[in-house]
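All letters in the sequence shown, in the order written, are residues 1451 to 1640 by the numbering used here. All residues carry an ideal CB built from backbone N, CA and C; glycine is no exception.
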Amino acid sequence: VLLKDANHLIETLPHYKDTYNENEFNFYLGQAYFVRAYVFYQMARRFGGIPLVTKTISYPAESSELEIPRASEEETWDQICRDFDTAAQLLPKTSMVYGLADKYAVLAFKAEAMLYAGSVAKYNETVSGRLTGLGTKTGVRVIGFDSATAAAASVRYFKESYKAAREVMDSGQYSLYRKKWAAGDKEAMY
(Lines of atoms letter the chains of each structure in order from A and count residues from 1; the text may use other names and numbers.)
(Lines give C-alpha, C1' and ligand atoms only; values in the text may rest on other atoms or scores of the structure.)
Protein backbone atom coordinates (compact mmCIF):
# COMPACT_ATOMS: atom_id res chain seq x y z
CA VAL A 1 0.00 0.00 0.00
CA LEU A 2 2.84 2.39 0.85
CA LEU A 3 4.46 1.86 -2.56
CA LYS A 4 1.12 2.29 -4.31
CA ASP A 5 0.49 5.56 -2.46
CA ALA A 6 3.95 6.90 -3.35
CA ASN A 7 3.52 5.99 -7.03
CA HIS A 8 0.04 7.50 -7.06
CA LEU A 9 1.38 10.77 -5.66
CA ILE A 10 4.27 10.84 -8.16
CA GLU A 11 1.83 10.33 -11.03
CA THR A 12 -1.03 12.61 -9.97
CA LEU A 13 0.54 15.52 -8.08
CA PRO A 14 1.87 17.15 -11.27
CA HIS A 15 -1.77 17.53 -12.43
CA TYR A 16 -2.36 19.80 -9.41
CA LYS A 17 0.86 21.78 -9.58
CA ASP A 18 -1.04 25.09 -9.83
CA THR A 19 -2.69 24.37 -6.46
CA TYR A 20 0.64 24.53 -4.59
CA ASN A 21 3.48 26.99 -4.50
CA GLU A 22 6.74 25.62 -5.90
CA ASN A 23 8.26 24.81 -2.49
CA GLU A 24 5.20 22.88 -1.34
CA PHE A 25 4.91 21.01 -4.62
CA ASN A 26 8.58 19.97 -4.54
CA PHE A 27 8.31 19.01 -0.87
CA TYR A 28 5.40 16.61 -1.36
CA LEU A 29 6.79 15.16 -4.57
CA GLY A 30 10.18 14.70 -2.87
CA GLN A 31 8.50 12.86 0.01
CA ALA A 32 6.92 10.44 -2.48
CA TYR A 33 10.26 9.71 -4.16
CA PHE A 34 11.88 9.22 -0.76
CA VAL A 35 9.19 6.77 0.35
CA ARG A 36 9.51 4.79 -2.88
CA ALA A 37 13.29 4.66 -2.57
CA TYR A 38 13.04 3.57 1.06
CA VAL A 39 10.48 0.83 0.30
CA PHE A 40 12.60 -0.48 -2.58
CA TYR A 41 15.70 -0.33 -0.37
CA GLN A 42 14.11 -2.40 2.39
CA MET A 43 12.87 -4.95 -0.12
CA ALA A 44 16.22 -5.15 -1.95
CA ARG A 45 18.06 -5.81 1.32
CA ARG A 46 15.91 -8.87 1.85
CA PHE A 47 15.29 -10.17 -1.67
CA GLY A 48 17.93 -8.76 -4.04
CA GLY A 49 16.33 -7.84 -7.35
CA ILE A 50 12.66 -6.95 -6.94
CA PRO A 51 9.75 -6.11 -9.23
CA LEU A 52 10.30 -2.41 -9.88
CA VAL A 53 6.74 -1.15 -9.64
CA THR A 54 7.19 2.50 -10.58
CA LYS A 55 3.61 3.23 -11.61
CA THR A 56 0.22 2.71 -10.05
CA ILE A 57 -1.38 -0.59 -10.97
CA SER A 58 -5.15 -0.43 -11.22
CA TYR A 59 -7.12 -3.31 -9.75
CA PRO A 60 -8.73 -5.44 -11.02
CA ALA A 61 -6.44 -6.02 -13.95
CA GLU A 62 -5.27 -8.76 -16.25
CA SER A 63 -2.62 -11.05 -14.80
CA SER A 64 -0.16 -9.80 -17.43
CA GLU A 65 -0.42 -6.31 -15.90
CA LEU A 66 -0.14 -7.58 -12.34
CA GLU A 67 2.79 -9.93 -12.83
CA ILE A 68 5.87 -7.74 -12.96
CA PRO A 69 9.06 -9.80 -13.17
CA ARG A 70 11.91 -9.18 -10.78
CA ALA A 71 14.59 -6.83 -12.04
CA SER A 72 18.25 -7.69 -11.66
CA GLU A 73 19.83 -6.73 -8.37
CA GLU A 74 21.94 -4.11 -10.14
CA GLU A 75 18.89 -2.55 -11.84
CA THR A 76 17.14 -2.48 -8.47
CA TRP A 77 19.98 -0.63 -6.74
CA ASP A 78 20.25 1.80 -9.66
CA GLN A 79 16.53 2.64 -9.29
CA ILE A 80 16.96 3.14 -5.56
CA CYS A 81 19.87 5.51 -6.19
CA ARG A 82 17.86 7.50 -8.77
CA ASP A 83 14.87 7.83 -6.44
CA PHE A 84 17.02 8.99 -3.52
CA ASP A 85 18.72 11.51 -5.83
CA THR A 86 15.39 12.86 -7.09
CA ALA A 87 14.09 13.17 -3.53
CA ALA A 88 17.24 14.99 -2.40
CA GLN A 89 16.97 17.45 -5.31
CA LEU A 90 13.34 18.22 -4.54
CA LEU A 91 13.43 18.46 -0.75
CA PRO A 92 14.54 21.53 1.20
CA LYS A 93 17.49 21.57 3.58
CA THR A 94 15.08 21.61 6.53
CA SER A 95 11.73 19.86 6.50
CA MET A 96 8.57 21.91 6.16
CA VAL A 97 6.73 19.39 8.36
CA TYR A 98 8.15 18.02 11.61
CA GLY A 99 8.90 14.31 11.29
CA LEU A 100 9.12 14.22 7.50
CA ALA A 101 12.34 13.88 5.53
CA ASP A 102 14.55 16.73 4.47
CA LYS A 103 17.38 16.73 1.94
CA TYR A 104 20.04 15.57 4.39
CA ALA A 105 17.93 12.78 5.91
CA VAL A 106 17.41 11.46 2.38
CA LEU A 107 21.14 11.67 1.67
CA ALA A 108 21.90 9.80 4.90
CA PHE A 109 19.60 6.97 3.86
CA LYS A 110 21.12 7.03 0.38
CA ALA A 111 24.60 6.69 1.87
CA GLU A 112 23.49 3.66 3.87
CA ALA A 113 21.73 2.05 0.90
CA MET A 114 24.63 2.57 -1.49
CA LEU A 115 27.10 1.22 1.07
CA TYR A 116 24.95 -1.87 1.31
CA ALA A 117 24.71 -2.18 -2.49
CA GLY A 118 28.46 -1.73 -2.90
CA SER A 119 29.12 -4.40 -0.30
CA VAL A 120 26.80 -6.87 -2.03
CA ALA A 121 28.43 -6.16 -5.38
CA LYS A 122 31.94 -6.53 -3.98
CA TYR A 123 31.63 -9.38 -1.51
CA ASN A 124 28.74 -11.52 -2.72
CA GLU A 125 31.01 -13.67 -4.87
CA THR A 126 33.32 -14.42 -1.94
CA VAL A 127 30.61 -15.71 0.42
CA SER A 128 30.76 -19.47 0.82
CA GLY A 129 28.02 -21.01 -1.25
CA ARG A 130 27.99 -17.95 -3.56
CA LEU A 131 24.65 -16.28 -2.95
CA THR A 132 23.18 -15.94 -6.41
CA GLY A 133 20.07 -16.84 -8.31
CA LEU A 134 18.30 -16.32 -11.60
CA GLY A 135 14.65 -15.39 -12.06
CA THR A 136 12.61 -18.40 -13.15
CA LYS A 137 10.60 -16.61 -15.83
CA THR A 138 13.18 -14.11 -17.05
CA GLY A 139 16.57 -15.69 -16.50
CA VAL A 140 17.73 -12.36 -15.00
CA ARG A 141 20.20 -12.52 -12.11
CA VAL A 142 17.96 -11.43 -9.23
CA ILE A 143 20.36 -12.28 -6.42
CA GLY A 144 23.93 -11.05 -6.64
CA PHE A 145 25.72 -9.28 -9.44
CA ASP A 146 26.97 -10.47 -12.77
CA SER A 147 30.70 -11.13 -12.46
CA ALA A 148 31.32 -8.91 -15.50
CA THR A 149 29.79 -5.83 -13.84
CA ALA A 150 30.20 -6.49 -10.11
CA ALA A 151 33.56 -4.73 -9.65
CA ALA A 152 32.50 -1.57 -11.50
CA ALA A 153 29.14 -1.55 -9.72
CA SER A 154 30.76 -1.81 -6.28
CA VAL A 155 33.05 1.14 -7.02
CA ARG A 156 30.11 3.18 -8.36
CA TYR A 157 27.94 2.47 -5.30
CA PHE A 158 30.74 3.15 -2.83
CA LYS A 159 31.37 6.52 -4.54
CA GLU A 160 27.66 7.37 -4.35
CA SER A 161 27.66 6.44 -0.66
CA TYR A 162 30.71 8.57 0.04
CA LYS A 163 29.34 11.61 -1.84
CA ALA A 164 26.00 11.44 -0.01
CA ALA A 165 27.61 11.00 3.42
CA ARG A 166 30.10 13.79 2.76
CA GLU A 167 27.32 16.17 1.80
CA VAL A 168 25.46 15.39 5.04
CA MET A 169 28.62 15.92 7.10
CA ASP A 170 29.52 19.15 5.30
CA SER A 171 26.02 20.55 5.84
CA GLY A 172 26.54 20.68 9.61
CA GLN A 173 22.81 20.09 10.05
CA TYR A 174 23.23 16.70 11.73
CA SER A 175 25.86 15.31 14.05
CA LEU A 176 26.48 12.21 16.09
CA TYR A 177 24.90 12.10 19.53
CA ARG A 178 27.65 12.95 22.00
CA LYS A 179 25.91 14.73 24.89
CA LYS A 180 27.02 12.19 27.49
CA TRP A 181 30.23 11.17 25.77
CA ALA A 182 33.49 11.73 27.63
CA ALA A 183 36.98 10.72 26.57
CA GLY A 184 38.31 7.90 28.72
CA ASP A 185 34.95 7.19 30.39
CA LYS A 186 34.00 3.71 29.19
CA GLU A 187 30.48 3.97 30.57
CA ALA A 188 29.84 7.28 28.80
CA MET A 189 31.43 6.00 25.59
CA TYR A 190 29.18 2.93 25.69
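Item to check | Under the three-state DSSP convention, the category Ile1593 falls into | outcome: strand
Checklist entry - Under the rule that 16 or more other beta-carbon atoms within 10 Å means buried, what is Glu1523, buried or exposed? => result buried
Checklist entry - What is the DSSP secondary structure of Leu1439, reduced to helix, strand or coil? => result With the chain covering 1451 to 1640 only, the question about residue 1439 has no answer from this structure.
Checklist entry - Cα separation between Ala1561 and His1458? => result 26 Å
Checklist entry - Is it true that the region 1485-1502 meets the region 1511-1530, where meeting means three or more beta-carbon pairs spaced less than 8 Å apart? => result yes
Checklist entry - If Ala1558 and Gln1481 are in contact, beta carbons under 8 Å, what's the gap, nearest whole angstrom? => result Ala1558 to Gln1481, Cβ: 15 Å. No contact.
Item to check | contact_flag[the region 1533-1545, the region 1464-1483] where n(CB pairs < 8 Å) is 3 or more | outcome: yes
Checklist entry - Taking buried to mean at least 16 other C-beta atoms within 10 Å of its own C-beta, is Glu1515 buried or exposed? => result exposed
Item to check | Leu1502 and Ala1487 closer than 7 Å at C-beta | outcome: no
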